[in-house]
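Residue numbers (full-length UniProt numbering): 1 to 461.
A virtual CB, placed ideally from N, CA and C, is assigned to each residue, including glycine.
One structure is given here, and the rest of the page talks about it.
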């Protein structure tokens, strides 16, 4: 006969007395799954559970409390292991947009589709994509995403789902501190940049009225001034490169290859940081300030509007001298340049520069984490402008009366592309003779950049 206590429990819980074959304390040692299996509640959910568990329920209900032996908890399932990222072979975080992929490729594909990005490959549209090279060519990376089966429609569906169920996320502030080694690197790069490229506020601006109101094919007076200043800027870029930690540890051939490949990128970046939007002007290192029309007439031609548009895109980034210097160094020290002897060594030199720029930008703008990737995207834009700059140089050669200044010629294109044609009536002898110091070194190496490199070597020593 049931005791008063049992009647009370039965009244409170609805369970029969057989539901308590052992004290409450012992129940704490069992998982909810075990308790569910031994209770009459199982009858209410049995249809939704496996048949094996239903059989276990019947057996348990017919067993006396003395015969019951508590089962040990089931071991946790092993962690799920995914195949490597189908795009770059990095560690996968799961299946995203139809394929196994890492967080980086997932985010890249999503942004590319949502923003309808159009990329350009500056090589042969067949770049190798792996976890080291995936950030070098966005065009080939996106094509690889499509090739392995990533779905545009999955991105759109994912976006619509998020719009329906937007939840506010709490973003915890992160601490970004440079290590002592990276701090030293940042200081050296910043100093190298500032000592080879004075900021706009340090310059005494002056203007000229030459062809300031209407565009012409070429203003020879402006061209002469522009080519003179550009040559000086190239010399400063060589000095900047040789001040970068580790750059001179590369082979001489690789140093010159990197300079030839990136010099126009850095020239464009530097002049665009001296853009004044109120007057729509750009200022050179001697203070000469030209408006858009004058820049066109000085030799930029059809490249003008593209350069000014890029300068306008830099304004929201509000880059300081340190960031400009680091971005210039990243443009220069890049292992995907053609004809490098030791590309892996170049990549190794670039890694701390990328890390330094990331941490520095986050420390300077803790509430704007997107600034670092936006800056890196400008490297791709600069390469596109440089490609068009080389094309412009070929047409410019037909517009100027004399030979292209040698350093500019070598920076913009292979010298062979600028050799005087036999039907032009021009000859190499028409060029002004090189200074004696250059003539002496020219016997050893027949490139003006190598000559300049050797001269700066002596100057810095």
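Let me check understanding here. Comparing Cα to Cα, which of 97, 120, 119 lies closest to residue 110? 97
The beta strand (DSSP E) spanning residue 94 covers which residue range? 94-96
For residue 363, count neighbouring C-beta atoms within 10 Å of its own C-beta (all shown protein chains included) and say buried if the count is 16 or more, exposed if not. By the neighbour-count rule (16 or more Cβ atoms within 10 Å), residue 363 is not buried but exposed.
Inter-residue Cα distance where the pair is residue 237 and residue 147: 40 Å
So, helix, strand or coil for residue 360, using DSSP? helix
Look up residue 289 in the DSSP assignment and say whether it is helix, strand or coil. strand
So, using beta-carbon positions, are residue 322 and residue 190 closer together than 9 Å? yes
For residue 416 and residue 349, I'd like the C-alpha separation in whole angstroms. With a pLDDT of only 35 at residue 416, under 50, the local geometry of the prediction cannot be trusted, and the value read off the model is given with reservation. Cα to Cα, the separation comes out at about 31 Å.
Could you tell me the alpha carbon to alpha carbon distance between residue 304 and residue 326, rounded to whole angstroms? 25 Å
Measure the alpha-carbon distance for residue 410 versus residue 93 and round it to whole angstroms. Straight-line Cα distance between these residues: approximately 46 Å.
When burial is assigned at 16 or more other CB atoms within 10 Å of the CB, is residue 297 buried or exposed? buried
Compare the Cα-Cα distances from residue 314 to each of 371, 293, 354 and report the closest residue. 371
In or out: residue 361 buried (at least 16 other Cβ within 10 Å) or exposed? A residue is called buried when at least 16 other Cβ atoms come within 10 angstroms of its Cβ; residue 361 meets this threshold and is buried.
Report buried or exposed for residue 405, applying the criterion of at least 16 other Cβ atoms within 10 angstroms of its Cβ. With 16 or more Cβ atoms within 10 Å of its Cβ, residue 405 is classed as buried.
Excluding five sequence neighbours on each side, which residues of the same chain lie with their C-beta closer than 7 Å to the C-beta of residue 185? Answer for residue 185: 245, 352, 356, listed in chain order.
Using the Cα positions of residue 99 and residue 132, report the straight-line distance between them to the nearest angstrom. 20 Å
Indicate whether residue 408 and residue 234 have their beta-carbon atoms separated by less than 9 Å. yes
When the Cα atoms are used, what is the spatial distance from residue 339 to residue 176? 37 Å
Going along the chain, which residues of its own chain have a beta-carbon closer than 6 Å to the beta-carbon of residue 33, five neighbours each way excluded? Only weak support is given to the placement of residue 33: the predicted model assigns it a pLDDT of 42, under 50, and the value that follows is read from those uncertain coordinates. Spatial neighbours of residue 33 in its own chain (CB-CB distance under 6 Å, excluding positions within 5 residues in sequence) are not present.
For residue 186, which three-state DSSP category applies? helix
So, helix, strand or coil for residue 176, using DSSP? coil
Option in 377, 396, 279, 401 with minimal Cα separation from residue 118: 377
Which same chain residues end up closer than 6 Å to residue 240 when comparing Cβ atoms and leaving out the 5 residues on each side of it in sequence? 192, 196
Ends of the beta strand (DSSP E) at residue 386? DSSP places residue 386 outside any beta strand (DSSP E); the residue lies instead in the alpha helix (DSSP H), whose first and last residues are 371-397.
Given 8 Å as the limit, is there contact between the stretch 388-404 and the stretch 286-301, that is, 3 or more CB pairs closer than that? yes
Using 10 angstroms around the beta-carbon of residue 389, count the other beta-carbons present and answer buried if the total reaches 16, otherwise exposed. buried
Just the Cα atoms here: how many angstroms apart are residue 222 and residue 204? 19 Å
Name, in chain order, the residues that DSSP records as bridge partners for residue 282. 275, 290
Which same chain residues, not among the five before or five after residue 102, have their C-beta less than 7 Å away from its C-beta? 85, 88, 90, 91, 92, 93
Span of the alpha helix (DSSP H) around residue 227: From DSSP, the alpha helix (DSSP H) with residue 227 extends over 220-243.
For residue 206, the residue or residues it bridges with in DSSP: 288
Alpha helix (DSSP H) containing residue 307: first to last residue? That run of the alpha helix (DSSP H) goes 304-314.
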